[in-house]
Structures are given as structure tokens and as C-alpha cells.
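*Asks:* With the first letter of the sequence shown counted as 1, position 401 gets the number 1694 in the working numbering; the numbers rise by one all the way through.
Where is the CB? At the ideal position from N, CA and C, for every residue including glycine.
Note that this is a predicted model, so its numbers are computed, not measured.
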Amino acid sequence: MLTSKELLERTGISRATLNNYISWGIVPRPEVLPPEPRDGAAPRIGYFPDEVVARIEEIQRLKREGWSITRIAEHFAAGQMAAVPGAPPQKATSPSPAGSAPEPGVMPSLSIDEIAHPAYILNHRFQLVWFNTAAGARMLRGLVQVPPDEPQSVFKYLLRSLPADAASRDQVLRFHLGLAKQHGLGIPELSRGLSQEEAGVLERLFNEVQRPEPGLVSQALIPGNAAAAQPVRVYAVQFRERILFVHVPGGRASEDLSPLLVSSELVTGTFAGKRRPELSQVAVLVADLQHPTRIWSELPAEEYFELINQIWMTVDPIFRRHHGTHGKHAGDGMVCYFFPQRDSSHVWNALVAAQEMREAMRRVSKEWQLRKRWATELYMNTGLDEGQQWLGTLKSAGQVEFTMLGDTLNHAARISDFARYGAIWATKNLIGKLTPEQKQRLKFGVRRKSSEGRDVLVPSIFSNVDSLADTAGASVEKLKDIARLPITEIVEIAAPEKGSDGAAPNPT
């Protein structure tokens, strides 16, 4: 076993590079153990398996050959990480036959090869980032692979691959153009790389279509024709930053999306026995460590990982106690979902968990201040929202995991970005789901400047994010997608009245 210092000396990389490799999942996190005699008086040391040296040398070799970090991550995620003893299980993505791959941490993992029908994934500029063999053979003919640094407009290939029947072709294009218009795109961007004639066809159809109703799943029926006697139904499944398109033969509409995603039964964790995606109410909590880069720079690597592990071990029992389910999160933070319960309110559970996490973080911060004799305060900044979301399971390299599709997670994450100094901010929508009794126990509001220039809490009000960002000096550009979202700061949750059992009933 090697300490981080020994590993850095053996490989010649910097601490920042090592941390980057760990965050991408191509090098395992160190195992925190009591120190050996040679390691001095440190109370805990992070150790890496000896084989990590060979892993880093392989990464460096691939980088010299021109591989991007995204491609390297995909290469190791395809199953080779298991060769490194002590490495955590990796959620591998299925390598595309076209040689392209999704960006880690951006798109949910799903096995494109398991979709029997033509399927492809676009970013929100309607450029191709992934497609399966069936799509390459039918819908996107002539496309061998997605250039990693020059993504191409999907319309370039749809115009040249769709049936010669003009009516069917135009309906497929209209469906895509309506969604593109929904995402705020215009003809200049969509027609980039097209011939003058192709751009003219696209502009004509673009002017004819209307934005579809907002939704996580859209569909359109393409009637059969002489070239294709069977009708085709095109589905578009909206992920947070990607859109999955699937062309399914047959005209019957279906709300059962599981055949589009995987061919086998889906059984996993909380959703055991649920074989298809379904809509559910959910409260989402996103919490991020404030100033993680500064804290990383101040602490030795092994102590930094010890701190992060301690935070996780501290808050995990809190989430479990309040019926929370962990979600995926990139970086030094966490996501937790709270689903409806028979005997309690999922919204109240999320609020109480956030409050208890804040109190627990104060204790962790004080412990590390005494231990390190520093003045650094440790904060987890928290965002909360509630909404109706698609919940389902997606298969990846023989594993199944559940994911959530919709705006609620995005709202909570952006609010967490806005929060500072351990504050908890929640949407007006979430507060509106509380019962009158729950609201009486909740102290919330927005701080305003008094005539003397002091911050004064105005209770039980909300404010749009853009107004708050202006006064707080936050980056308005970063928060523009939630600029008009009304939010409020959760200041305190009062203890239950004497004689009460403290339970928050389910308002439903």
C-alpha cells in the first residue's frame, strides 16, 4: 500500500492531477487507515493499492497518444477498473459501436446496444453525441462516428437518410424542429453545415411548427408509406442535458418506456418490482461543500478524503432516518430524494433532514477547527425543491440503477449553488406543500437591508432568485435558468409542542 505522497513521488504527477483522476473515477479513492510506524504521528492516512502506479502510467501513456480524459474514463469504465484491487465498483457505460461516448456525470448511463430500434442522443444544441447500430444503419446513414471535438447537427444526417417520401420525412423533421424551438434554437444554428437547398427545407418546416407542450416525454406518429408499410412512432425522452430519440415500429402509443430503455426486467432497490418508468412526487435535497478547492489545497490529500468520508458517514444516518434515498452527484456534495411515505410527509422529511444536516456540519466543523487549529468553517449549502418527476431504472453493463428525469433536481442543484455559509433555501412550491401545522413550526423568510444597513429577516416571504443574486453579488449568469424562481431561506424548525409525538403527518 502507498500513501499519497509516495504515489506522487513514484509517478511524478501533482496532487491536483491525482485529485482529478480520482474525481473522474479512473483511479480509486484512498482507503483511510491508521498510520504505519513509518508514517509519523498523523492520526489517519489514506493508502492506495500498489497497482495504482501501473494505472497512472497507463493513463499518462494514453494521454501522450492524444486520448482525451473523457475517452480514458470510458476506456476504464468499460470493465477494466476491476483489475485494480481496492477500487470501488464503477458504473460502466456501454461503449458505442460508433465509437462515441457520453460525458461522465452529465447523462444517465444506459445501454444503447440493448435498444433494438434506431436510437440516438442529442445535446441541447441538437448535435449528435451518441447513436446505436440501428440508427447508423437507417436514420443516420453515412455517419461512422461522432467526431469528439466537432459534434454535428442531427439534421445534416436526417435530411440525407430519411425516406424519399416527402410527407413522412417532413413529419420526422417537424417533430425534431418543434423540440429544438422549445429549447430556444433558431435556424442559423440548426442549419450549420447544410447545403443551401437543405437549409431552405429546414427553414420552411421550422416556420410551420409550434413549440410542443412542455413534458419529459414527447412522441409523434409517422404514418406508413410505400417505402415503409408499417407506421413508426418517434419518442423523445428529455434528460437533464440530453435528449434520447427512439424510432419504434408500430402506431400504438405507449406510456411504458421500459422497452425503449432495456430489454430485461428492471428490479432494483427502492423500486423493486416496478417494471416501467412512472411519475411520482419527490422532494429533492442537493447539498454542496463550500470552497472545496480551498479546503483541498489546505489539507493533505489523505486528510481531505478523511473529511469527505466523515461528512458522508455523518449525514447518511440522517437521510436514512427520514426515508431519504441517495442519488448520484459529481464533486464534494450529495443528492437525496424523499418519496411519499404512508406515515409521514416527504416534504417535511426533506426539510428536517436538511436542518439536522446543518446542525451536524456545525459539529464536524468545530471538531476540525480544534484538530487543525485553523479558523476555516465547513459549510454544506443546501437547495430544496419538490415536484412530479419521472422515476425509472436504466441498465448499464449488467447493472440497473434508478434515475430521475425532470426540473426538480436541476432547481435544487442551482439553489444549492446560490446558497452560502450553510444556508438552506427552498422553493415556494415546496413550502406550499406543507400543512398549516408544519408551517407554524417553520421559520423562513428573506433578509432585507434595514434603514440602518443591517440585515433583517422579513418572515414568511419569498423572492425571485435574480433579485437575491443581485443583492448577494452572486453570478446571475450561472443562475439564469432559475432567475424567476421564487425561493426562501429556511432559518429554523421549531421543536414539536409538548405532548406531541413530533411526527409530521402526511398531508395526503
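Check E1782 in the structure and name its three-state DSSP category.
*Replies:* Here E1782 sits in strand by DSSP.
*Asks:* Count the other C-beta atoms from every protein chain shown that fall within 10 angstroms of the C-beta of N1500, then say buried if there are 16 or more, exposed otherwise.
*Replies:* The residue is exposed, with fewer than 16 neighbouring Cβ atoms inside 10 Å.
*Asks:* Leaving out the 5 sequence neighbours to the left and right, which residues in its chain are closer than 8 Å to P1504 when beta-carbon positions are compared?
*Replies:* At residue 1504 the sequence reads Arg, which differs from the Pro that was named. G1471, K1474 and Q1475, listed in sequence order.
*Asks:* Please classify F1419: does DSSP put it in a helix, a strand, or coil?
*Replies:* Looking at F1419 - three-state DSSP - the assignment turns out to be coil, as it is neither helix nor strand.
*Asks:* Measure how close the beta-carbons of L1300 and V1345 come, nearest whole angstrom, since I'm counting them as under 8 Å.
*Replies:* Yes, they are in contact, since the Cβ atoms of L1300 and V1345 sit about 6 Å apart, within 8 Å.
*Asks:* Going by the DSSP bridge assignment, what does A1412 pair with across the sheet?
*Replies:* For A1412, which the question treats as bridged, DSSP gives the partners V1539.
*Asks:* Rounded to the nearest angstrom, what separates A1428 and F1369 at their Cα positions?
*Replies:* Straight-line Cα distance between these residues: approximately 26 Å.
*Asks:* Going by the beta-carbon positions, is the gap between L1677 and A1647 smaller than 8 Å?
*Replies:* Yes. Within cutoff.
*Asks:* Please say whether Q1445 and L1421 have beta carbons closer to each other than 8 Å?
*Replies:* Going by C-beta atoms, L1421 is nearer than 8 Å to Q1445.
*Asks:* Label W1641 either buried or exposed according to how many other C-beta atoms from any shown protein chain fall within 10 Å of its C-beta, with 16 as the threshold for buried.
*Replies:* Classification for W1641: buried.
*Asks:* Give me the Cα-Cα distance between G1738 and I1319, rounded to the nearest whole angstrom.
*Replies:* One C-alpha to the other measures close to 44 Å.
*Asks:* How many whole angstroms separate the CB atoms of F1711 and A1762, which I take to be in contact at a CB cut-off of 8 Å?
*Replies:* That pair is a contact at about 7 Å.
*Asks:* Judging by CA-CA distance, which residue of V1784, A1716 and L1295 is the nearest neighbour of D1343?
*Replies:* Nearest of V1784, A1716 and L1295 to D1343, Cα basis: L1295.
*Asks:* Can you name the residues that DSSP bridges to I1515?
*Replies:* Note: I1515 sits in a beta bridge opposite V1525.
*Asks:* Give me the Cβ distance between E1745 and A1576, rounded to the nearest whole Å; I'm assuming they're in contact under 8 Å.
*Replies:* Actually they are not in contact, since the Cβ atoms of E1745 and A1576 sit about 38 Å apart, beyond 8 Å.
*Asks:* Does DSSP put T1304 in a helix, in a strand, or in coil?
*Replies:* In the structure shown, T1304 sits in a helix (DSSP, three-state: H, G or I).
*Asks:* Looking only at its chain, what residues have a beta carbon closer than 6 Å to the beta carbon of P1516, apart from the 5 residues adjacent to it on each side?
*Replies:* Around P1516: P1524.
*Asks:* Please report the straight-line C-alpha distance between N1313 and R1635, rounded to a whole angstrom.
*Replies:* Each residue's alpha carbon lies about 43 Å from the other.
*Asks:* In the DSSP assignment, what are the bridge partners of Q1681?
*Replies:* Answer is Q1574, bridged to Q1681.
*Asks:* Is it buried or exposed, L1483, if we count other Cβ atoms within 10 angstroms and call 16 or more buried?
*Replies:* It is buried - the Cβ of L1483 has at least 16 other Cβ atoms within 10 Å.
*Asks:* Helix, strand or coil for H1469? Go by DSSP, reduced to three states.
*Replies:* Looking at H1469 - three-state DSSP - the assignment turns out to be helix.
*Asks:* Which class does P1752 belong to by DSSP, given the choice of helix, strand or coil?
*Replies:* It is a strand residue.
*Asks:* Considering only DSSP beta bridges, list what Q1531 is partnered with.
*Replies:* According to DSSP, Q1531 bridges with I1536.
*Asks:* Give the straight-line distance between the Cα atoms of I1708 and K1659, rounded to the nearest whole angstrom.
*Replies:* Whole-angstrom Cα-Cα distance: 26 Å.
*Asks:* In terms of residues, what are the limits of the alpha helix (DSSP H) holding Y1450?
*Replies:* Its alpha helix (DSSP H) spans residues V1447 to S1454.
*Asks:* Distance check for D1700 and R1656, CA to CA, integer angstroms please.
*Replies:* When rounded, the distance between both Cα atoms is 33 Å.
*Asks:* I need the DSSP call for W1718, collapsed to helix, strand or coil.
*Replies:* Strand at W1718.
*Asks:* Do the segment 1606–1613 and the segment 1730–1737 touch if we need at least three Cβ pairs shorter than 8 Å?
*Replies:* No, because fewer than three Cβ pairs between the segment 1606–1613 and the segment 1730–1737 fall closer than 8 Å, the two stretches do not touch.
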